[in-house]
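Student: Heads up: the sequence shown at position 60 corresponds to 52 in my numbering, and the numbers run straight through without jumps.
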Amino acid sequence: MSTLKADDPRIPAIQSRIRVVPNFPKPGIMFQDITTLLLDPKVFKDTIDLFVERYKFKNISVVA
């Protein structure tokens, strides 16, 4: 079972690094740009750590 909590203090930092580009690539689409997240080593590591915590007991053998 996942230990991820909605009140995890890492989540606001991660959310603040995801830039929203409205109407890209076409009107009505809210593009979520993670480039700014990738440029912040600590927040990027926190993101990876959250994924690991969430999925480490799911017996995933392949990611494509």
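We put the CB at the ideal spot given by N, CA and C, even for glycine. As the structure is a computational prediction, the values presented were derived from the model and not from experiment.
In three-state terms, what does DSSP make of Pro17?
Tutor: Locating residue 17 in the sequence shown gives position 25, counting from the first residue. Here Pro17 sits in coil by DSSP.
Student: Thinking Asp25 and Ile10 are a contact (beta carbons under 8 Å), I'd like their distance in whole angstroms, please.
Tutor: The sequence position of residue 25 within the sequence shown is 33, counting from 1. The sequence position of residue 10 within the sequence shown is 18, counting from 1. Yes, Asp25 and Ile10 are in contact; Cβ-Cβ is about 7 Å, under 8 Å.
Student: Can you name the start and end residues of the beta strand (DSSP E) that Asp25 belongs to?
Tutor: Translated into positions along the sequence shown, residue 25 becomes position 33. Taken as a continuous stretch (DSSP letters only), the beta strand (DSSP E) holding Asp25 covers 22 to 25.
Student: Counting C-beta neighbours from all protein chains within 10 Å, is the total for Asp41 16 or more, i.e. buried, or is it exposed?
Tutor: In the sequence shown, residue 41 corresponds to position 49, counting from 1. Per the 10 Å Cβ criterion, exposed.
Student: I'd like the span of the alpha helix (DSSP H) that includes Ala(-2), first residue to last.
Tutor: On the sequence shown, position 6 is the one that residue -2 refers to. Taken as a continuous stretch (DSSP letters only), Ala(-2) belongs to no alpha helix (DSSP H), as it is neither H nor E.
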